[in-house]
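Q: Protein chains in written order, with this note's numbering: chain R, 71 to 312; chain H, 71 to 312.
Number of protein chains: 2
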Amino acid sequence: MAMAYNFHIIENCLKCSFREQRLFCDLPNDALSKLQNIKATSVYPKGAMLCLEGQPARGVFVLCTGRAKLTTTSAEGKSIILRIAEPGEVLGLTAVVSGSPYEATIETLEPSQANFISQADFVHFVQEHPDVGMKVAKQLTHNCKCAYGEIRAIGLSNSVPEKIAKLVLKWSENPLDFARKNPREIAIRVTLTQEEIAQFVGTSRETVSRVLGDFRKKGWLRIKGATWTILNKPALQSLVTT
Amino acid sequence: MAMAYNFHIIENCLKCSFREQRLFCDLPNDALSKLQNIKATSVYPKGAMLCLEGQPARGVFVLCTGRAKLTTTSAEGKSIILRIAEPGEVLGLTAVVSGSPYEATIETLEPSQANFISQADFVHFVQEHPDVGMKVAKQLTHNCKCAYGEIRAIGLSNSVPEKIAKLVLKWSENPLDFARKNPREIAIRVTLTQEEIAQFVGTSRETVSRVLGDFRKKGWLRIKGATWTILNKPALQSLVTT
DNA sequence: TTACATGTGTGATGGCCGTCACATCCTGCT
DNA sequence: AGCAGGATGTGACGGCCATCACACATGTAA
Numbered sequence: 071m072a073m074a075y076n077f078h079i080i081e082n083c084l085k086c087s088f089r090e091q092r093l094f095c096d097l098p099n100d101a102l103s104k105l106q107n108i109k110a111t112s113v114y115p116k117g118a119m120l121c122l123e124g125q126p127a128r129g130v131f132v133l134c135t136g137r138a139k140l141t142t143t144s145a146e147g148k149s150i151i152l153r154i155a156e157p158g159e160v161l162g163l164t165a166v167v168s169g170s171p172y173e174a175t176i177e178t179l180e181p182s183q184a185n186f187i188s189q190a191d192f193v194h195f196v197q198e199h200p201d202v203g204m205k206v207a208k209q210l211t212h213n214c215k216c217a218y219g220e221i222r223a224i225g226l227s228n229s230v231p232e233k234i235a236k237l238v239l240k241w242s243e244n245p246l247d248f249a250r251k252n253p254r255e256i257a258i259r260v261t262l263t264q265e266e267i268a269q270f271v272g273t274s275r276e277t278v279s280r281v282l283g284d285f286r287k288k289g290w291l292r293i294k295g296a297t298w299t300i301l302n303k304p305a306l307q308s309l310v311t312t
Numbered sequence: 071m072a073m074a075y076n077f078h079i080i081e082n083c084l085k086c087s088f089r090e091q092r093l094f095c096d097l098p099n100d101a102l103s104k105l106q107n108i109k110a111t112s113v114y115p116k117g118a119m120l121c122l123e124g125q126p127a128r129g130v131f132v133l134c135t136g137r138a139k140l141t142t143t144s145a146e147g148k149s150i151i152l153r154i155a156e157p158g159e160v161l162g163l164t165a166v167v168s169g170s171p172y173e174a175t176i177e178t179l180e181p182s183q184a185n186f187i188s189q190a191d192f193v194h195f196v197q198e199h200p201d202v203g204m205k206v207a208k209q210l211t212h213n214c215k216c217a218y219g220e221i222r223a224i225g226l227s228n229s230v231p232e233k234i235a236k237l238v239l240k241w242s243e244n245p246l247d248f249a250r251k252n253p254r255e256i257a258i259r260v261t262l263t264q265e266e267i268a269q270f271v272g273t274s275r276e277t278v279s280r281v282l283g284d285f286r287k288k289g290w291l292r293i294k295g296a297t298w299t300i301l302n303k304p305a306l307q308s309l310v311t312t
């Protein structure tokens with residue numbers, strides 16, 4: 071079972087080798103051992119829903135492995151991606167802190183591991199450990215910043231090509247997670263479908279297809295499955311005004 | 071001086087008659103008296119800038135009286151309103167907590183009073199008073215929720231009329247601050263210019279003018295200076311799909 | 001292999017709305 | 001009163017992109 075999803079389950083937070091690099095998990099040992107008692111670890115396949123927008127908040131999820139997308143949906147079924155969460159983030163925090171329903175639907179983009187902590191346990195946990203309160207604040211500010219970035223991206227860009235160029239450039243900034251830099255070319259792995267990219271930039275799937283086709287035709291970008299290679303970064307940057 | 075801006079200055083937080091209704095200020099007495107020592111009260115005219123986007127964060131502002139708009143601007147000078155802050159909110163929090171520059175430019179919409187607290191003092195204040203930490207979390211979740219609402223409003227609406235109808239209806243929900251309900255008509259006070267409304271919904275000033283003109287022509291809305299009267303709420307609601 | 005679902009490329013069409021241009025109105029100021 | 005500057009109303013035009021409609025590709029289950 072431990073290998074069913076092609077990665078090791080992290081059973082013990084104290085022994086987790088990633089914890090220093092992570093937004094939430096870098097806590098003193100006493101807090102971590104408390105966390106160890108109140109968490110419930112689960113493993114999810116790609117496409118699993120951790121929670122649904124509008125549901126009453128049951129608790130938070132600490133994402134250990136894998137990435138997840140946070141989306142919000144209109145009555146008509148149109149939906150938009152609020153952000154992509156990385157390992158080490160606490161999800162569902164806004165809802166739990168404010169005692170309101172979940173703000174977003176959370177869906178795993180890859181096979182993932184997450185630790186669930188119930189609302190009651192989490193509130194106690196925060197009250198007993200000041201360091202945890204600090205991490206909570208950090209996570210909340212991170213959420214805000216992402217949201218503001220999203221507002222800027224959607225509201226201040228003039229054209230869809232600009233928004234998509236911005237997105238690709240943002241992804242290429244992150245060599246840690248899924249970018250590998252070569253002398254001149256920058257390769258990134260993109261696991262989102264065009265439909266999801268469309269939801270990210272607030273446009274239609276067809277337009278994404280056309281814009282990417284255009285970038286390819288101009289020799290700015292090579293797309294081979296999930297691997298994209300930026301061949302002409304300055305050209306992409308020239309599209310971005312913000 | 072105390073009446074120069076047509077309202078009383080609230081010198082002493084402990085005696086502030088509004089504090090229970092406010093997001094941040096409803097604190098135990100010991101915290102409030104500490105706050106009393108570290109705050110610096112200022113009064114601002116309409117249109118004053120409390121801080122500028124991109125500046126290093128010097129501290130936070132607790133808005134006592136008046137409202138303020140938070141905007142972010144692109145390189146081209148296009149700007150968008152992130153939200154309107156109400157009395158009792160802490161502004162500049164995201165920047166101070168995360169130690170990064172201010173996310174937004176804050177401009178008063180009315181003559182206002184605000185208490186400034188320096189970064190260092192505020193951090194101590196939060197660490198010494200657990201209740202304050204709770205309020206900080208509440209404020210941050212409020213910021214997130216507003217931002218998510220903004221993303222939904224901008225990203226999920228199809229048309230500008232829909233966005234503007236949504237905005238007007240949102241304003242009319244808030245009878246406390248500037249709405250007064252009559253049997254059939256709902257009157258609200260709107261202090262934003264059409265230009266600002268355009269920035270709020272991510273469109274152009276001319277379009278706002280046209281849409282409002284259209285609403286008037288259809289008899290859904292009466293606009294008399296800053297006082298707007300909703301004459302046909304169901305019609306406005308029928309435009310909104312979210 | 002065949003089927004079916006999901007993801008992607010591409011043309012045609014039309015409407016929304018951004019932009020430019022100018023007129024008009026309103027408010028505050030001297 | 002009269003002026004200046006800002007806020008608002010309105011017409012004309014054109015481009016971007018959403019939508020519809022399919023074909024093709026890719027992956028996956030039977």
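Ideal placement from N, C-alpha and C gives every residue a C-beta, glycine not left out.
Can you pull the chain R neighbours of H/N107, defined as C-beta to C-beta under 8 Å?
A: As a working mapping, residue 107 of chain H is identified with position 37 in the second sequence. Ordered by position in chain R, no residue passes the 8 Å Cβ test against H/N107, which lies about 22 Å from the chain.
Q: In the DSSP assignment, find the unbroken beta strand (DSSP E) run with R/S112 in it and report its ends.
A: The residue labelled residue 112 of chain R in the question sits at position 42 within the first sequence. First-last of the beta strand (DSSP E) with R/S112: 110 to 114.
Q: Between the region 223 to 239 of chain R and the region 133 to 142 of chain R, do at least 3 Cβ pairs fall closer than 8 Å?
A: Taking 8 Å as the limit for Cβ pairs, the verdict is that the region 133 to 142 of chain R does not touch the region 223 to 239 of chain R.
Q: Out of R/G272, R/D191, R/T178, R/G136, which has the shortest C-alpha to C-alpha gap to R/A127?
A: Along the first sequence, read from residue 1 onward, the residue named residue 127 of chain R stands at position 57. The residue with the shortest Cα to Cα distance from R/A127 is R/D191.
Q: Looking only at DSSP bridge pairs, what is H/C121 linked to?
A: Here the question's residue 121 of chain H lines up with position 51 in the second sequence. Looking at the DSSP assignment, H/C121 forms a beta bridge with H/I176.
Q: Would you call R/Q269 buried or exposed, if buried means 16 or more other Cβ atoms sit within 10 Å of its Cβ?
A: Here residue 269 of chain R is taken as the residue at index 199 of the first sequence, counted from 1. When all chains shown are included, R/Q269 counts as buried.
Q: Reducing DSSP to helix, strand and coil, say where H/F248 ends up.
A: On the second sequence, residue 248 of chain H is found 178 positions in, with the first residue counted as 1. The predicted model places H/F248 with a pLDDT of 44, which falls under 50 and marks its position as unreliable; any figure quoted below should be read in that light. In this structure, H/F248 counts as helix in the three-state DSSP scheme.
Q: Which whole-angstrom value is the C-beta distance of H/G136 and H/R92, which I expect to be below 8 Å?
A: What you label residue 136 of chain H is simply residue 66 of the second sequence in a count that begins at 1. What you label residue 92 of chain H is simply residue 22 of the second sequence in a count that begins at 1. Actually they are not in contact, since the Cβ atoms of H/G136 and H/R92 sit about 13 Å apart, beyond 8 Å.
Q: Runs of 3 residues minimum, wholly inside the region 161 to 242 of chain H: which ones carry the beta strand (DSSP E) assignment?
A: Whole beta strand (DSSP E) segments, 3+ residues: 175 to 178, 182 to 188.
Q: Using alpha carbons as the reference points, say which of H/K288, H/K208, H/R286 lies closest to R/V167.
A: To locate residue 167 of chain R, count along the first sequence from 1; it is residue 97. Checked all of H/K288, H/K208, H/R286; the closest Cα to R/V167 is H/K208.
Q: What does R/V238 touch in chain H if you count any residue whose Cβ is under 7 Å from its own?
A: Residue mapping note: residue 238 of chain R aligns to position 168 of the first sequence, counting from 1. Within chain H, no residue comes near R/V238; the closest Cβ sits about 19 Å away, beyond 7 Å.
Q: Measure the C-alpha to C-alpha separation of R/R259 and H/K294 and round it to an integer number of angstroms.
A: The residue labelled residue 259 of chain R in the question sits at position 189 within the first sequence. The residue labelled residue 294 of chain H in the question sits at position 224 within the second sequence. Cα to Cα, R/R259 sits roughly 56 Å from H/K294.
Q: Would you kindly check if the distance between the Cβ of H/A184 and the Cβ of H/Y114 is under 8 Å?
A: Counted from its first residue, the second sequence places residue 114 of chain H at position 44. Counted from its first residue, the second sequence places residue 184 of chain H at position 114. Taking 8 Å as the Cβ cut-off, H/Y114 and H/A184 qualify as a contacting pair.
Q: What residues from chain R crowd round H/S168, counting only those whose CB sits closer than 8 Å?
A: The residue you call residue 168 of chain H lines up with position 98 of the second sequence. Here the neighbours are K208, T211, H212, K215.
Q: Distance cutoff 8 Å, beta carbons only. Does H/L152 sit that close to anything in chain R?
A: For this step, residue 152 of chain H is matched to residue 82 along the second sequence. Closer than 8 Å: yes.
Q: On a CA-only basis, which of H/A296, H/T263, H/L122 is nearest H/S313? Give me that one, please.
A: Missing from the structure shown is residue 313 of chain H; chain H here goes from 71 to 312 and no further.
Q: Helix, strand or coil: which one does DSSP assign to H/S279?
A: Position 209 of the second sequence holds residue 279 of chain H. Helix at H/S279.
Q: Do R/A101 and R/V202 have their CB atoms nearer than 8 Å?
A: Here residue 101 of chain R refers to the residue found at position 31 when the first sequence is read from its first residue. Here residue 202 of chain R refers to the residue found at position 132 when the first sequence is read from its first residue. In this structure, R/V202 lies closer than 8 Å to R/A101 by Cβ.
Q: Excluding the 5 residues preceding and the 5 following H/K233 in the sequence, name in chain order all residues of the same chain whose CB lies nearer than 8 Å to its CB.
A: The count along the second sequence starts at 1 and reaches residue 233 of chain H at position 163. For H/K233, where only same-chain residues beyond five positions count, the Cβ hits under 8 Å are A223, I224, S227, V271, G272, T273.
Q: Return the residues of the region 127 to 154 of chain H that lie within a Cβ-Cβ distance of less than 7 Å from chain R, sorted by chain order.
A: Correct list: T142, S144, A145, E146, K148, I150, L152.
Q: Should R/T261 go down as buried or exposed, given a rule of 16 or more other Cβ atoms within 10 Å for buried?
A: If you number the first sequence from 1, residue 261 of chain R lands on position 191. Its Cβ having fewer than 16 others within 10 Å, R/T261 is exposed.
Q: Helix, strand or coil: which one does DSSP assign to H/C134?
A: By 1-based counting over the second sequence, the position of residue 134 of chain H is 64. If DSSP states are grouped into helix, strand and coil, H/C134 belongs with the strands.
Q: Less than 8 Å between the beta carbons of H/T211 and H/A257, yes or no?
A: The sequence position of residue 211 of chain H within the second sequence is 141, counting from 1. The sequence position of residue 257 of chain H within the second sequence is 187, counting from 1. Not closer than 8 Å, so no.
Q: Under three-state DSSP, which class holds R/R153?
A: As a working note, residue 153 of chain R is residue 83 in the first sequence. In this structure, R/R153 counts as strand in the three-state DSSP scheme.
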